[in-house]
Amino acid sequence: MIRGGGEGETKIYSASGQTGREVLARASEKSSGPLELGQLRVIIFNEKIIEKGMQEILETLNRNPSVGNAIYLAITNVKGESLLKGNYSKEKEIASYLSSLLEQNMNNGTQPKTNFFMFLNQLDDDARDSYLPMISKKGNVLELNGIALFKRCKMVDKVNPKDLFVFKLLTDNFKQGTYQFKLPGSSNTYATIENIKARTKYKMEGNSKHPFVNAHIQVKAEIQEFTKTKNLDNPKEIKKLEKIMGKEIEKKATTLIKRFIKKDTDPIGLRKLGRTHVRKWNSQEWEESYKHLRFRVTADVKVTQSGVTE
Numbered sequence: 001m002i003r004g005g006g007e008g009e010t011k012i013y014s015a016s017g018q019t020g021r022e023v024l025a026r027a028s029e030k031s032s033g034p035l036e037l038g039q040l041r042v043i044i045f046n047e048k049i050i051e052k053g054m055q056e057i058l059e060t061l062n063r064n065p066s067v068g069n070a071i072y073l074a075i076t077n078v079k080g081e082s083l084l085k086g087n088y089s090k091e092k093e094i095a096s097y098l099s100s101l102l103e104q105n106m107n108n109g110t111q112p113k114t115n116f117f118m119f120l121n122q123l124d125d126d127a128r129d130s131y132l133p134m135i136s137k138k139g140n141v142l143e144l145n146g147i148a149l150f151k152r153c154k155m156v157d158k159v160n161p162k163d164l165f166v167f168k169l170l171t172d173n174f175k176q177g178t179y180q181f182k183l184p185g186s187s188n189t190y191a192t193i194e195n196i197k198a199r200t201k202y203k204m205e206g207n208s209k210h211p212f213v214n215a216h217i218q219v220k221a222e223i224q225e226f227t228k229t230k231n232l233d234n235p236k237e238i239k240k241l242e243k244i245m246g247k248e249i250e251k252k253a254t255t256l257i258k259r260f261i262k263k264d265t266d267p268i269g270l271r272k273l274g275r276t277h278v279r280k281w282n283s284q285e286w287e288e289s290y291k292h293l294r295f296r297v298t299a300d301v302k303v304t305q306s307g308v309t310e
């Protein structure tokens with residue numbers, strides 16, 4: 001637990017206990033001033049702590065009226081004290097730095113949006129399974145290192161950073177961002193797209209016992225860099241690039257969805273889709289049929305060559 005001191009100083013208090021309230025009370029005993037949760041910005045859970053679930057911790061926080069809905073939650077495999085004591089920024093203390101790191105990557109990067117309110121809402125509504133960003137420490141640098149996937153309150157899998165672009169395509173709308181595609185051929189052929197605007201439309205056919213899901217991914221972006229000599233003023237070359245990118249997205253999205261099914265987690269929210277659009281929806285039938293879900297992914301990529309460098 002951290003508390004801002006004077007002149008940019010950050011004080012760190014540690015305590016242990018059986019409940020969240022007990023931890024807060026014991027940490028307060030070490031502080032010259034009250035430790036309040038009203039200014040809480042980020043809660044970071046150690047991976048080992050949540051192996052058996054985190055429902056009790058979340059319920060304790062949710063019952064405290066001073067805890068805001070917009071705070072960020074994250075997972076780390078680093079000891080809390082080690083993570084908080086790093087000197088990562090000269091301009092910001094650690095709480096502000098962590099909050100800015102998460103916010104910036106959710107708004108402008110491949111990190112899908114989530115916060116305390118969204119996590120709790122997904123649990124209460126049972127519409128989809130949740131996910132949280134993972135933070136790692138390398139030397140004196142903090143970085144986002146993928147996504148932790150949950151089944152209810154229990155962590156069941158991780159998505160690596162290299163798969164986050166497609167994960168966000170499946171679970172969130174893109175309004176900004178940059179992504180680098182590796183193109184077939186030589187080992188150093190890449191295309192970088194920016195100003196990404198993307199969304200995925202889902203359609204479910206059949207019923208809760210025999211569902212079939214169509215996922216159609218639409219991507220619009222600008223090519224900013226290309227490492228192979230091509231005439232990108234030629235519409236045929238642009239079409240080739242769009243097709244290559246679309247096929248790669250389809251392949252990676254299919255692989256991810258198969259992983260979700262294998263781990264019995266639904267971060268996309270297909271349960272909600274079925275409840276909303278399928279007549280005579282049966283939740284118990286769905287839980288069984290999800291294990292053998294049939295689906296198809298298609299991707300439509302549209303790019304322009306604005307600002308291309310080679």
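By full-length UniProt numbering, the letter at position 164 of the sequence shown is numbered 164, and the numbering carries on one by one without gaps. Ideal Cβ positions, reconstructed from N, Cα and C, are used throughout, including at glycine.
Helix, strand or coil at residue i according to DSSP, with G and I counted as helix
{"i": "Ile257", "result": "helix"}
{"i": "residue 317", "result": "Nothing about residue 317 can be read from this structure; the chain reaches only from 1 to 310."}
{"i": "His210", "result": "coil"}
{"i": "Lys302", "result": "strand"}
{"i": "Val297", "result": "strand"}
{"i": "Gln176", "result": "coil"}
{"i": "Ala15", "result": "coil"}
{"i": "Lys113", "result": "coil"}
{"i": "Arg21", "result": "helix"}
{"i": "Glu205", "result": "strand"}
{"i": "Lys251", "result": "helix"}
{"i": "Lys243", "result": "helix"}
{"i": "Gln218", "result": "strand"}
Limits of the unbroken alpha helix (DSSP H) element including residue i
{"i": "Asn121", "result": "116 to 125"}
{"i": "His292", "result": "Neither: His292 is in no alpha helix (DSSP H) and is coded neither H nor E."}
{"i": "Thr171", "result": "164 to 171"}
{"i": "Gly80", "result": "80 to 84"}
{"i": "Thr60", "result": "55 to 63"}
{"i": "Leu273", "result": "270 to 277"}
Cβ neighbour criterion (16 or more within 10 Å) applied to residue i
{"i": "residue 312", "result": "Outside the shown range of the chain, which is 1 to 310, sits residue 312, and nothing can be said about it."}
{"i": "Ala299", "result": "buried"}
{"i": "Ser14", "result": "exposed"}
{"i": "Val141", "result": "exposed"}
{"i": "Arg215", "result": "For clarity, residue 215 is Ala in the given sequence; the question names Arg instead. Buried: at least 16 other Cβ atoms inside 10 Å."}
{"i": "Asp124", "result": "exposed"}
{"i": "residue 372", "result": "With the chain covering 1 to 310 only, the question about residue 372 has no answer from this structure."}
{"i": "Pro211", "result": "buried"}
{"i": "Gln122", "result": "buried"}
{"i": "Ala253", "result": "buried"}
{"i": "Thr171", "result": "buried"}
{"i": "Ile49", "result": "exposed"}
C-alpha gap between residue i and residue j, whole angstroms
{"i": "Lys302", "j": "Gln218", "result": "8 Å"}
{"i": "Arg21", "j": "Leu37", "result": "11 Å"}
{"i": "Asp266", "j": "Lys30", "result": "42 Å"}
{"i": "Asn64", "j": "Thr76", "result": "24 Å"}
{"i": "Glu51", "j": "Ala27", "result": "24 Å"}
{"i": "Gln203", "j": "Phe295", "result": "The question names Gln, but residue 203 is Lys in the sequence shown. About 10 Å."}
{"i": "Ser16", "j": "Leu98", "result": "23 Å"}
{"i": "Ile238", "j": "Lys113", "result": "31 Å"}
{"i": "Asp264", "j": "Lys90", "result": "43 Å"}
{"i": "Ile43", "j": "Gly177", "result": "25 Å"}
{"i": "Ala198", "j": "Asn234", "result": "24 Å"}
{"i": "Glu56", "j": "Lys154", "result": "12 Å"}
{"i": "Lys79", "j": "Phe174", "result": "33 Å"}
{"i": "Val297", "j": "Glu250", "result": "6 Å"}
{"i": "Gly274", "j": "Leu144", "result": "32 Å"}
{"i": "residue 382", "j": "Lys291", "result": "Coverage of the chain is limited to positions 1 through 310, which leaves residue 382 absent and any answer about it impossible."}
{"i": "Ala191", "j": "Val159", "result": "23 Å"}
{"i": "Ser208", "j": "Arg128", "result": "16 Å"}
{"i": "Asp157", "j": "Lys243", "result": "31 Å"}
{"i": "Lys138", "j": "Glu81", "result": "15 Å"}
{"i": "Leu24", "j": "Thr60", "result": "11 Å"}
{"i": "Lys131", "j": "Leu58", "result": "A small correction: the amino acid at residue 131 is Tyr; Lys does not occupy that position in the sequence shown. Their backbone Cα atoms lie some 14 Å apart in a straight line."}
{"i": "Ala74", "j": "Asn115", "result": "9 Å"}
Segment limits, beta strand (DSSP E) that includes residue i
{"i": "Ser100", "result": "Note, Ser100: premise wrong, no beta strand (DSSP E); alpha helix (DSSP H) at 94 to 108."}
{"i": "Lys138", "result": "131 to 138"}
{"i": "Glu29", "result": "Careful: Glu29 lies outside any beta strand (DSSP E) and carries neither H nor E."}
{"i": "Glu143", "result": "141 to 151"}
{"i": "Thr76", "result": "72 to 76"}
{"i": "Asn46", "result": "42 to 46"}
{"i": "Asp157", "result": "154 to 159"}
Contact test: residue i Cβ vs the ligand NAD heavy atom, cutoff 7 Å
{"i": "Gly269", "result": "The model on display carries no ligand, and the ligand NAD is accordingly not part of it."}
**Message:** Using a Cβ distance threshold of 8 Å, determine whether the region 282 to 299 contacts the region 175 to 195, with at least three qualifying pairs required.
**Reply:** no
**Message:** Below 8 Å, how does it come out for the region 159 to 170 and the region 97 to 104: are there three or more Cβ pairs, yes or no?
**Reply:** no
**Contact the region 145 to 155 vs the region 253 to 267: 3+ CB pairs below 8 Å** = Flag = yes, the region 145 to 155 and the region 253 to 267 touch.
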